[in-house]
Each structure stands twice: as structure tokens, then as C-alpha cells.
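**Q** Got a structure for you, written out below as C-alpha cells; questions coming shortly.
Residue numbers (our numbering): 5 to 280.
As C-alpha cells, then:
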């Protein structure tokens, strides 16, 4: 049994505001050990329940946030940017039996600690096939295309609630409770590690691959400024669908997520520091 852990940081233990997750800040340095602790708890839980391998894919910002020197020695870590499938890199190699969404968060335009979808700001909403979509929702569609079940979701209580919509069977672990986008009631690392470990051990039983299922998907994005539409529609196949919206349809989720990466990359380059 091989488990892939997609490790984001906004939903990690103790994280509540931008400096906690922005590489290079003192607060980011402080939060890195707590993030690594969350990952280690999941690794321990999966291995204790029968997993043979755990691959940890860094999924936050620079994708160089976890502390390798503090990582459980029984796991391996994929770190760094510019990966084919970004947050779910590794799932495409047909050897992953289950995927864990660790440190996830609510989507853009929703209530949740540091809620967003791919871009910290600018994107105010994402819809996949008409359903409002967080990063977890989008990644669950991609995982399903490869026949890989979601076996664990951790984050704040809003991320856990979001997971009920795309992975209702998956055990969850809430490490903090939403108060505002930049505030939460947080549990200590020792408490959250215990909760995550137990949920991972339970989730290991769900790590059973199913036949791949490929189908077309339509994705729509809404931005906070009209000029972002002009930037996004430079990407082939992306069309204007409203004053601040674009839409595209891809033959598979594999292609849809790659187009999503292209759109958000182009749009982020069109955003100025002060005026957006």
C-alpha cells in the first residue's frame, strides 16, 4: 500500500495569518516545525495501519516548507516547484493507493482560515462543472480520474466541512476552528498530532484503487478585477463568460488542472502590488 500525502500549509496546526505561510518570514520559520509535525503524525498513522510507503508531496507556495531533517525517516518527500500536477504530483504513476489532503483550507470566496484557491487573492471563486470548488474539490476530481480515493483530510473546521462534499467517506481531523480569515481557536501540536494519527490509521483501510474514470470538465473562474479576464483569455481555450469571469472545458481533469495552473500563473503576472 502506497499513500501520497499532498501537504498544504494554510490548514496546518497553529497557522492563522499570512506571515505564518510566507517563506522567509520569522513566523513562517516558527510554523514549519508544526507543519512537519502534522505530516509526521499522518505518516505514523498510515504506516501503523499497514501502509508500506508514504510519499509526501509539498503543495504550498514555494513547495519548500517542510523540514526534511525532522521528517519521519520512513517517508520520502517530493519538494520543489514546477511539477506536472503541482499539488498532486506523483498520483499519475499508477502506484498510489490512497491520497491524503493535509493542511487544506476552504476555497476562494468562502469562510475559512486563509481561504483561497491557488492565488492568495485575485481569484474570488472557482466552479467545476457548476459546483463551487476549493483546491480539495479540484484535487479530488483529479484523484478520482486516476482511481485513487481520498483517505484523509486535515485543516480547519471549514476545510473539514468542505471535505464532506467531495470525500464523504474520508476520515477528517480539524486542527483549529475558524473565527475569521486571520484568526482561529487552535489546538496544540501534541493534541493535533494525536488526532491526525488516529484519522490516518482509520483512513488507511480506504486505500483501494478503482478503475480510472476520464471525462470532460468545465471550469469557471471569477476574479476581483476585470483586467484579469483579458490576461486569462490569452490561454488557448479560455473564454470570457462575464465581466470578471472566464470559462474553459477540458477533455479530462488532468488537462483541466494543467489549464488551471496556466490561467492562474498568467493572471498572477498581471496583478500589480498596490492596485491588483
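Positions of the beta carbon are idealized from the N, C-alpha and C atoms, including for glycine.
Being a predicted model, the structure only gives us computed values, none of them experimental.
Decide yes or no for the touch test of the stretch 31-39 against the stretch 9-19: beta carbon pairs closer than 8 Å, at least 3 of them.
**A** In short, these stretches touch, since the Cβ pair count reaches three.
**Q** For residue 265, does the three-state DSSP call read helix, strand or coil?
**A** Numbered from its first residue, the chain shown carries residue 265 at position 261. In this structure, residue 265 counts as helix in the three-state DSSP scheme.
**Q** Helix, strand or coil for residue 97, going by three-state DSSP, please let me know.
**A** The residue given as residue 97 occupies position 93 in the chain shown. Residue 97: helix per DSSP, three-state reduction.
**Q** Indicate the three-state DSSP secondary structure (helix, strand or coil) for residue 245 in the structure shown.
**A** Residue numbering aside, residue 245 sits at position 241 when the chain shown is read from its first letter. Reduced to three states, the DSSP call for residue 245 is strand.
**Q** Taking the CB atoms as reference points, tell me whether residue 102 and residue 169 lie closer together than 8 Å.
**A** As a first step, residue 102 is located in the chain shown; it is residue number 98 there, counting from the start. As a first step, residue 169 is located in the chain shown; it is residue number 165 there, counting from the start. No, the Cβ-Cβ distance between residue 102 and residue 169 is not below 8 Å.
**Q** Roughly how many angstroms separate the alpha carbons of residue 144 and residue 166, rounded to a whole number?
**A** In the chain shown, the residue the question calls residue 144 occupies position 140. In the chain shown, the residue the question calls residue 166 occupies position 162. Going by the C-alpha atoms only, they are around 12 Å apart.
**Q** Can you tell me whether DSSP reads residue 61 as helix, strand or coil?
**A** Position 57 of the chain shown, counting from 1, holds the residue named residue 61. Here residue 61 sits in strand by DSSP.
**Q** Hey, quick one: how far does the alpha helix (DSSP H) through residue 145 stretch, first residue to last?
**A** Against the chain shown, residue 145 aligns to sequence position 141. Per DSSP, residue 145 belongs to the alpha helix (DSSP H) from 139-149.
**Q** Looking at C-alpha atoms only, which residue of 23, 27, 40 and 49 is the closest neighbour of residue 203?
**A** As a first step, residue 203 must be located in the chain shown, where it is residue number 199. Residue 49 is the option with its Cα nearest to residue 203.
**Q** Would you report the Cα separation of residue 178 and residue 147, rounded to the nearest angstrom?
**A** Walking along the chain shown from the start, residue 178 turns up at place 174. Walking along the chain shown from the start, residue 147 turns up at place 143. So the two alpha carbons sit approximately 22 Å from each other.
**Q** Going by C-alpha to C-alpha distance, which of 234, 235, 274 and 225 sits closest to residue 261?
**A** Here residue 261 corresponds to residue number 257 of the chain shown, with the count starting at 1. With distances taken between Cα atoms, residue 261 lies closest to 225.
**Q** Given residue 53, which residues of its chain have a CB within under 6 Å of its CB, disregarding the five upstream and five downstream residues?
**A** Taking the first residue of the chain shown as 1, we reach residue 53 at position 49. Result list for residue 53: 205 and 208, in chain order.
**Q** So, with DSSP's three-state summary, where would you put residue 299?
**A** Outside the modelled stretch of the chain, which goes from 5 to 280, sits residue 299, for which no answer is possible.
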